[in-house]
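The sequence shown maps to residues 177 to 647 in the working numbering.
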Amino acid sequence: MFQSWRLQLREAEEALREGRLDEAERLLEQGQLRRYLPGKRLSAKVAEQMARRARQRVLGGDSTAGWRDLDAACSLSGGANEVLSVRQDIIDCVLGEAEGMIAAGEPGKAVGRLASLEKRGVANHQVRTLKEVAGRVQSARKLWLRGKFTDAESQLASAVVLRPDLPSVQTQLETCRARQQESRQLGERLHKALAAESWSETLALADQMLEIVPESPLALDARRRAWMEVGASVPRLNDLEATVTWKPDFTGDADSRPEGACEQDCGDEDEPRFVLWVDGVGGYLVCLKGQVTIGQAVPGTDVDVPIQGDLSRRHATIRRDDGYLIEPLNCVRIDGKEVRETTLLSDGNEIELGDSVRLRFRQPHALSATARLEIISRHRTEQSADGVLLMAESCVMGPKWQNHVVCRDWSSDVVLYRCEGELFCRAMEPIEIDDQYCEAQGKVGTNSHVAGSDFSLSLEDLDRCCHKPLL
């Protein structure tokens, strides 16, 4: 027995010298080595180093491994002061991170971080109070998004009472009150614009309201009504006869389609693709079909979204229905989880095709079924596009984050939209389409160029731009 524990002690000492802390901890936990004084001394040394590593790991973001190290250190040391001090340092660090998340407008993350502390048995008054503050701020943000400022103000006021030393919460309370007043004034102006049927003013005011209250029912409904009125009054312009008109081959008798049916027929299988070049922003492959196939870019491919990567020729399909559905034809993962059947996509989902191709699915605009695919791995489409637009009834471009194409230097939105098998462009100002003056809107063709006071964009037939470099 004497020789056995001495040999085990020597192995543990060697592991410690070589920095193999996990091996040293395993040897010390085995058998009865820690009953002997040399074993106790070595346990204290290993515990101290594991506690230090725990701090580094937690600070580096690997909290799971950090807490595992700390638990092992506590077990080896029997709760020595040095280890307990490190444990408190880690708790203070997590509390500080949570406060920073609240200040940065990420209360949900703060709740998650504090919940992880509670799972580790840390449920003191400080942790519980900060978690309640984060929860109230999170609730206030959700209420704020829907325009329920009074309820949001109540939540923030309670959070201030709980932690009056957090200036960020007080600032959010003051901002909430200011936005409530601003929202009330915009609401009054928006009601007047709707009553006067001033649709340009309605759109502008609705956009301002949505900047403050992104889920405002009033603003969303007003904007929807305004676009419906605008779409219903699109003029048939005779000054664009020289332009090749956009005419997808709809199935069925065109004469049997109801007059004014602008959006319900979007999605025929024969609808073409084109590339949208936006000056100063980039190029986007635009697919008008209701169902697109993604696959490998090989000669002669007929897939809608050909990607130069290790994919099957036909790897997956995405179909627009009430939402967007992805059907895996080969290996597909959504947010890291493999899917084997048709799955509903949500805004922000990461789609992994094969072993390396990764896409981000975005459906940012509340009033449009159009979606965007962003390639986030180091791959490219056959046409060297910055992204893929799955265009439904409209494509909104402009400076707002929720636009399908974000153009930060533009002063207002520009919209491509479909009506009766043709494509139109609308802006908040007079524009030129193929060098012809148009009063804010007009019909565009497969090779049209559109320009405004601070923007310029072009549509190109796919066959003409397969080898064109990005802008």
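Backbone N, C-alpha and C define an ideal beta-carbon position, used for all residues, glycine too.
Assess, as a yes-or-no matter, whether the stretch 390 to 397 is touched by the stretch 628 to 637 under the definition of 3 or more beta carbon pairs within less than 8 Å.
no
Can you find the residues in the same chain that come closer than 6 Å, C-beta to C-beta, to Asp682, ignoring five residues on each side of it along the sequence?
No information on residue 682 is available, as it lies outside the stretch 177 to 647 that the chain covers here.
Classify Val337 as buried or exposed, calling it buried when 16 or more other Cβ atoms lie within 10 Å of its own Cβ.
exposed
DSSP has Gly471 in a bridge; who is on the other side?
Pro482
Counting pairs of Cβ atoms below 8 Å between the stretch 589 to 596 and the stretch 506 to 524, do you hit three or more?
no
Classify Glu391 as helix, strand or coil using the three-state DSSP reduction.
coil
Distance, Pro575 Cα to Val582 Cα:
5 Å
Consult DSSP for His625 and reduce its assignment to one of helix, strand or coil.
strand
Where does Cys269 sit, in a helix, a strand or coil, going by DSSP?
helix
Alpha carbon of Ile607 to alpha carbon of Leu599, nearest angstrom:
15 Å
Checking 8 Å against the spacing of the C-beta atoms, do Ala256 and Ala220 come in under that value?
yes
Given that a residue counts as buried once 16 or more other Cβ atoms are within 10 Å of its Cβ, and exposed if not, what is Glu528?
buried
Could you spell out the range, first to last residue, of the alpha helix (DSSP H) harbouring Asp238?
Here Asp238 belongs to no alpha helix (DSSP H), and DSSP marks it neither H nor E.
Could you work out which residue in Glu517, Gly284, Leu535, Met573 is closest to Asp511 when comparing CA atoms only?
Leu535
Bridge partners of Trp586, per DSSP?
In DSSP, Trp586 forms no bridge with anything.
Which partner residues of Arg516 appear in the DSSP bridge assignment?
For Arg516, which the question treats as bridged, DSSP gives no partner whatsoever.
Got a sec? Which residues, its chain only, sit under 8 Å from Asn579 by beta carbon, not counting five neighbours each side?
Pro540, His541, Val572, Met573, Asp589
Give the DSSP-derived three-state secondary structure of Val287 in the structure shown.
helix
Mapping the DSSP letters down to three states, classify Lys324 as helix, strand or coil.
coil
For Val462, which option in Arg296, Ala568, Ala248 has the closest C-alpha, if you only look at C-alpha atoms?
Ala568
Taking a contact to mean a Cβ-Cβ separation below 8 Å, would you say Met277 touches Arg289 in this structure?
yes
With a cut-off of 8 Å on the beta carbons, I'd call Gly466 and Gly530 a contact; round off their distance for me.
The pair is not a contact, with the Cβ atoms about 25 Å apart (cut-off 8 Å).
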